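Participant:
Numbering (full-length UniProt numbering), first residue to last: 1 to 342.
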């Protein structure tokens, strides 16, 4: 059965927040409204561990996970997505365990607003929480606490600070920023080769040894290999974080068309004959929910379409000479953030 839902991860584990979440900025002139939506891929013959592993506070988003959380009492926000690498299921490992462990820790740590231990050791005691430090801390925590025995995950994490968005992205999840009817920025996937994304990993030693004997090597990338970027934000901006289930089935042009249509429908953006599209001074909170739902629903429809070549199919044909047609069924998760004037 296909699973859909809205379930923002609260800034404390096990909690549920209102939909959408209103996160006011206390000092810097911007505030943020965030919501998330997801659709899990239908899986036939799902292993027993997949059904038993569900915890009460976790959404049924398949191997995708996500979070958004205020950073301490600063009014800033941290948000992001992670996508467990599905190949681990063949080894009896639930791919979702690693992705959920990462985002659970990021949500928890963001509320403290403190630096990672490594930054403290470096003596950098005045720097604010960054996207990289949050990702690094969470990965190290999951590894050191032995929360997960094995697994891999991509991750795309954002942190706001002083009207800017810092992003650390590793793998083929990603984000884009829409501004007044145009794409202001879109991330690029990090790939070892086609359909083999960079990924944070926990690999048992026996698997490493077995791979060496057979002349193979497991992918094992680290937070410091993330692509880092910083972006100025202005009122009316729409920021979308998503797993590859969105980008494999929709082009960035198609994503922009949906964002624009929803923003115009909710009168958050206005179209002027001469000036083009601009943001309205009155930005309604409902548009973030509408955008997240519309993107996920369209991507899911395209993923099941066997006649329309998806971006994934075109890339398979172009770079890997693989005859692949149609959409790519996958878990699809979107976290949408609207930037408002305080």
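Don't be surprised by glycine CBs; every beta carbon is placed ideally from N, CA and C.
This one's a predicted model, so the numbers in the text were calculated from it and none came from an experiment.
1. Report buried or exposed for residue 266, applying the criterion of at least 16 other Cβ atoms within 10 angstroms of its Cβ.
2. Is the distance from the Cβ of residue 341 to the Cβ of residue 283 below 9 Å?
3. Roughly how many angstroms lie between the CA atoms of residue 191 and residue 113, to the nearest whole one?
4. Report the option in 29, 129, 31, 62 whose CA atom is closest to the CA atom of residue 41.
5. With a threshold of 6 Å on Cβ separation, who are the neighbours of residue 96 within its own chain once the five nearest residues in sequence on each side are excluded?
6. What residue range is occupied by the uninterrupted beta strand (DSSP E) comprising residue 314?
7. On the DSSP bridge assignment, give the partners of residue 279 in chain order.
8. Per DSSP, which one or two residues make a beta bridge with residue 176?
9. What number of angstroms, rounded off, separates the C-alpha of residue 250 from the C-alpha of residue 244?
10. Do residue 239 and residue 202 have their C-beta atoms closer together than 9 Å?
11. What are the boundary residues of the beta strand (DSSP E) that includes residue 332?
12. Which complete alpha helix (DSSP H) runs does the stretch 36 to 107 hold, if anything under 4 residues is left out?
13. Can you tell me the Cβ-Cβ gap for residue 198 and residue 221, rounded? I've got them flagged as a contact below 8 Å.
14. Using alpha carbons as the reference points, say which of 296, 323, 155, 260 lies closest to residue 100.
15. Along the alpha helix (DSSP H) that carries residue 294, what are the first and last residues, could you check?
16. Going by DSSP, which residues form a beta bridge with residue 169?
17. Alpha carbons only, please: which of 286, 285, 269 is nearest the one belonging to residue 279?
18. Note down the Cα distance separating residue 36 from residue 181, rounded to an integer number of angstroms.
19. For residue 258, count the other beta carbons within 10 Å of its own beta carbon; 16 or more makes it buried, fewer makes it exposed. Which is it?
20. Locate the beta strand (DSSP E) running through residue 193, then write down its first and last residues.
21. Going along the chain, which residues of its own chain have a beta-carbon closer than 6 Å to the beta-carbon of residue 106, five neighbours each way excluded?
22. Skipping 5 residues on each side, what residues in its chain have a beta carbon closer than 7 Å to that of residue 50?
23. By the three-class DSSP mapping on this structure, what secondary structure does residue 137 have?
24. Return the residue from the list 59, 264, 33 that minimises the CA-CA distance to residue 331.
25. Would you kindly work out how many angstroms separate the C-alpha atoms of residue 129 and residue 71, rounded to a whole number?
26. Taking the straight line between their C-alpha atoms, what separation do you get for residue 31 and residue 141?
27. Determine which residues share a DSSP beta bridge with residue 198 and list them.
28. For residue 162, count neighbouring Cβ atoms within 10 angstroms of its own Cβ and tell me buried if that reaches 16, exposed if not.
29. Relative to the alpha-carbon of residue 172, which residue among 165, 186, 179, 34 has its alpha-carbon at the smallest distance?
30. Measuring alpha carbon to alpha carbon, tell me which of 157, 275, 108 ends up nearest residue 228.
31. Return the bridge partner residues of residue 232 from the DSSP annotation.
Facilitator: Let's see:
1. buried
2. yes
3. 31 Å
4. 62
5. 63, 84
6. Note, residue 314: premise wrong, no beta strand (DSSP E); alpha helix (DSSP H) at 311 to 319.
7. 269
8. 186, 240
9. 10 Å
10. no
11. 332 to 341
12. 48 to 52
13. 4 Å
14. 155
15. 286 to 303
16. 156, 227
17. 269
18. 21 Å
19. buried
20. 191 to 193
21. 67, 134, 138
22. Caution applies to residue 50, whose pLDDT of 42 falls short of 50 and renders its modelled position unreliable; the value that the coordinates give is listed next. Answer for residue 50: 94, listed in chain order.
23. helix
24. 59
25. 8 Å
26. 30 Å
27. Partner(s): none; residue 198 has no beta bridge.
28. exposed
29. 186
30. 157
31. 164
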